[in-house]
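In what follows, a single structure is set out as structure tokens and then discussed.
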Amino acid sequence: KFDTYYDDVLFKGKSAKELDVSKFEDASLFTPSTFGSGKKYTFKNEFKPSKVTFEKKDVGKPNNAKYLDVFVYVSADSKKVVRLDYFYTGDSRLKET
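In this note's numbering, the protein residues as written are 18 to 114.
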């Protein structure tokens, strides 16, 4: 089952913490890369995100979600989009928000 693979392999030994994606410029949390005329920031998976927030607002619903990847896209005019890739344990499917 992917549910146990997530805990036993992907995030083995890593603690669960809340992730504030408004700190996307923090090099210890995110890796920047060029994305069109803007930038893409990829979460480094240094810990297991239990909840994702942006400027004190919840992003997605942490109930039954196991976050796999978190991305922040920043356009040239500084508009920001957060993308979450997650495993939904309710129906055992991979989803994105």
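Backbone N, C-alpha and C fix where the C-beta goes; we use that ideal spot for every residue, glycine too.
As the structure is a computational prediction, the values presented were derived from the model and not from experiment.
Contact check between the segment 43 to 55 and the segment 99 to 108: fewer than three CB pairs, one atom from each, fall below 8 angstroms, which does not count as touching. Looking at the DSSP output, F88 bridges to T59, R100. If you ignore the 5 residues before and after K65, its C-beta comes within less than 6 angstroms of the C-beta of F28, K31, A33, all in its own chain and listed in chain order. In this structure T114 does not touch G55 by the C-beta definition: roughly 20 angstroms separates them, more than the 8 angstroms allowed.
Counting along the chain, the unbroken beta strand (DSSP E) around D37 starts and ends at 33 to 37.
Per DSSP, reduced to three states, the secondary structure at T21 is helical. Comparing alpha-carbon positions, the option among F52, A93, D86, Y105 lying closest to L36 turns out to be D86.
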